[in-house]
Amino acid sequence: MPLQFKAVAVSQRNVKMAVIAGKTPNKKELYSVESKSGFVEEMRAASLKLHTREHSKKGQKEIKQPEDRALSKWDLSIQGLISFLVESKSMYDTVEKILKNPDFPFSVELENTGFERSANLQKDLEWLKEQGYDIPEPSSPGADYAKYLKKLSENDPQAFICHFYNIYFAHTAGGQMIGKKVSEKLLNSRELNFYKWEGDISQLSQKVKDKLNKITEKWTAKEKDHCLKETEKTFEYLGRILRLVMA
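Take 7 as the starting number for the sequence shown in the working numbering and just add one per residue.
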């Protein structure tokens, strides 16, 4: 009997395919990204789609903003870098304050993961001030995002998890390349603390991924879909902050 392919719909996020021979597939015959890598892999896939092809082979986004171009085409400036760090700190301050709040439902799992960036950013801004640069107060990009994140933490924890994932994992991936470029072009090869972690970053990342998968494993399909739909919003807010480095 020739092989037949039967699609078994499980939610808007997944369609599991089974190779069967005229019979209903059992659980072992079904394949699911989620079953192998958890919900984190679904958040990663949603994020990659919103990259341009200049940043990811899986990217589907058209180039519209300066940060959408290849990193080699970015026109960096020291004042832009300072603005970027200031607004980033405003954002990280808020996220890390939220995660310390016992009323936030995932504070136990996500507080003190080793991913925290606020203290490192403070060190970088203090060093830049010592070099004679003026450090401005946070303005709308960071403040607006901080306000939005606080609102989500109180009313929409599933959406907040999408932002948490994209904020921190974008920094450990593409952020590393940005940090290297900034160091070489603007800082005489000095590495900013913003791009340093205590311990092995791959191990830290895996621990946080495991925590996120644990948090989301009992979410309904509707809750997971809702979280994934927030991905575009994270790119909008993060993009406003990121493009400051080219101001």
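Beta carbons are placed, not taken as given, at the ideal position from N, Cα and C, and that holds for glycine.
Comparing alpha carbon positions, the residue from 96, 118, 94, 245 closest to residue 105 is 118.
Between residue 186 and residue 197, the alpha-carbon positions lie close to 7 Å from each other. Collapsing the DSSP output to three states places residue 50 in a helix.
Counting of Cβ neighbours within 10 angstroms places residue 212 among the exposed residues, the total staying below 16. Going by beta carbons, residue 169 and residue 230 fall outside the 9 Å limit. Taking 4 residues as the shortest admissible run, the stretch 173-233 contains the following complete alpha helix (DSSP H) segments, listed from N- to C-terminal end: 180-192, 207-222. Excluding sequence positions up to five before and after residue 217, its CB lies within less than 6 Å of the CB of 115, all in the same chain and listed in chain order. For the set 188, 209, 172, the Cα lying nearest the Cα of residue 50 is the one of 172. Under the three-state reduction of DSSP, residue 119 is assigned to coil, being neither helix nor strand. Residue 89 places its beta carbon less than 9 Å from that of residue 142. Rounded to whole angstroms, residue 244 and residue 147 show a C-alpha spacing of 9 Å.
Residue 130 sits close to residue 199, with the two beta carbons spaced by under 9 Å. Taking 9 Å as the cut-off, the Cβ atoms of residue 100 and residue 152 count as close. The beta carbon of residue 203 sits closer than 7 Å to those of 120, 210, all from its chain and outside the five residues before and after it, given in chain order.
Annotation: the continuous alpha helix (DSSP H) that includes residue 243 extends over 237-248. Restricting attention to 134, 145, 110, the CA atom closest to the CA of residue 96 is found in 145. For residue 150, the enclosing alpha helix (DSSP H) begins and ends at 146-161. Spatial neighbours of residue 56 in its own chain (CB-CB distance under 7 Å, excluding positions within 5 residues in sequence) are listed in chain order as 67, 237, 238, 241.
At a Cβ-Cβ threshold of 9 Å, residue 44 and residue 160 do not count as neighbours. With fewer than 16 neighbouring CB atoms inside 10 Å of its own CB, residue 157 falls in the exposed class. Of the residues 138, 71, 193, the one whose Cα lies closest to the Cα of residue 249 is 71. With respect to the 9 Å criterion, residue 91 and residue 252 are not classified as neighbours on the basis of their beta carbons.
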